[in-house]
Amino acid sequence: MRCLRLNARDNSDCSRVIQESLNFVNFGMGTATLRFRCPCCGFRTLDAPNILALCPVCWWEDDGQEDFDAHEVRNTVNGDWSLEEARLHYSKCGASHPRFVRYVRKPEVSEQ
Ligand SMILES: [Zn+2]
2 MRCLRLNARD
12 NSDCSRVIQE
22 SLNFVNFGMG
32 TATLRFRCPC
42 CGFRTLDAPN
52 ILALCPVCWW
62 EDDGQEDFDA
72 HEVRNTVNGD
82 WSLEEARLHY
92 SKCGASHPRF
102 VRYVRKPEVS
112 EQ
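Residue numbers (our numbering): 2 to 113.
Written out as structure tokens, the structure is:
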């Protein structure tokens, strides 16, 4: 019997195609574990720390601010609110600022 959906020649070939798909999925999850935690929401969404990357989960832009200076308002890419305020916003509305609520998304399992 031919497995049309997976474009395999027969059942044993079908198993091979499924196994290759699973390997691909595992590879993808492996790369996700190398990500860095966002200083605002805490999920592993960043490819590297402190490179002004925008977190898709909370919309905080990682400018290097961390726990030790979380209270400072840097007036840079994140506007006129501190990391501390952004964390508070995230706990209340799910975004680093209420105006970003429509842009953010839920964290993926691999980002936790
Ligand atoms: Zn975040």
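Each residue gets a CB set at the ideal place from its N, CA and C atoms; glycine is no exception.
- N76 places its beta carbon 9 Å or farther from that of S97.
- By the Cβ neighbour-count rule, P40 is buried, with 16 or more other Cβ atoms within 10 Å of its own.
- Under the DSSP assignment, L47 falls in the beta strand (DSSP E) whose first and last residues are 45 to 47.
- In this structure, C94 has its CB at a distance of at least 8 Å from all heavy atoms of ligand 1.
- E62 has L55 as its beta-bridge partners, per DSSP.
- R36 sits in coil when the DSSP states are folded into three classes, being neither helix nor strand.
- Distance check between D63 and each of E112, D81, R38 places R38 closest, using alpha-carbon atoms only.
- In chain order, V102 place their CB closer than 8 Å to the CB of C94, counting only its own chain and leaving out the 5 sequence neighbours on each side.
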